[in-house]
Each structure stands twice: as C-alpha cells, then as structure tokens.
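The structure under discussion appears below in the form of structure tokens.
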Amino acid sequence: MISFEQQGWEDYLFWQQTDKTKIKRINQLIRDIQRDPFDGIGKPEALRHGLTGLWSRRIDDEHRLIYSVNGKKIEGVNKYV
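Written out as structure tokens, the structure is:
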C-alpha cells in the first residue's frame with residue numbers, strides 16, 4: 020500500500036500531465052520500493068538529522084522521491100526539488 024502526502028500527490032499529477040519521462044521514472048521507483056524499500060534503483064539513501072526514518076531515491080539529478088516505510092506500507096511519498 021502506498022500513500023502520498025498532499026504535495027507529493029499534486030507533484031505526481033502535475034508530472035503526469037507535463038513530463039512523461041519523469042512520471043515513468045517515478046512509477047519505476049515506486050514499483051522498486053514495493054519490492055525492496057531499502058535497496059534497488061535510484062540510489063536509496065537513509066536520510067539523517069531531522070529527517071531520520073525517511074528514505075530518498077533519485078528521480079533525476081534535481082528531484083528526489085522521499086518516503087518512509089511502516090511494515091509493508093509505504094507512507095508519506097513526497098518529492099522535493
């Protein structure tokens with residue numbers, strides 16, 4: 020199960036309309052996270068300091084997919100510039 024934060028969902032819908040390459044990459048990352056949240060494509064990285072408990076994967080050189088894992092649920096999917 021995957022849940023998006025509001026801003027993450029808005030970003031997803033925006034990119035779905037404007038950037039087919041980016042949305043394809045995001046969908047690949049989400050599928051890979053479902054298989055193994057801590058290893059795979061996009062250079063998974065555990066975030067530190069005030070973001071402990073969150074993970075990051077690279078969408079491209081500028082954008083990251085930020086998420087947390089609670090059991091089998093992927094929560095708080097968000098993208099940051």
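Taking our numbering, I'd label the letters of the sequence shown as residues 20 to 100. Backbone N, C-alpha and C fix where the C-beta goes; we use that ideal spot for every residue, glycine too. It should be emphasised that the depicted structure is a prediction, and the values quoted were computed from it without experimental measurement.
If you look at leucine 84, you'll find it in the beta strand (DSSP E) that goes 83–89. Here glutamate 64 is bridged, per DSSP, to Ser75. Taking C-beta atoms under 8 Å as the contact rule, isoleucine 21 and arginine 44 fail to qualify, at a distance of about 16 Å. Under a 10 Å Cβ-count criterion, isoleucine 93 is classified as buried, with 16 or more other Cβ atoms of the shown protein chains found around its own Cβ. Counting C-beta pairs closer than 8 Å gives three or more between the segment 80–90 and the segment 36–52, which meets the contact rule. Per DSSP, phenylalanine 23 lies in no alpha helix (DSSP H); the unbroken beta strand (DSSP E) holding it starts and ends at 21–23.
The alpha-carbon separation between lysine 62 and leucine 73 amounts to approximately 14 Å.
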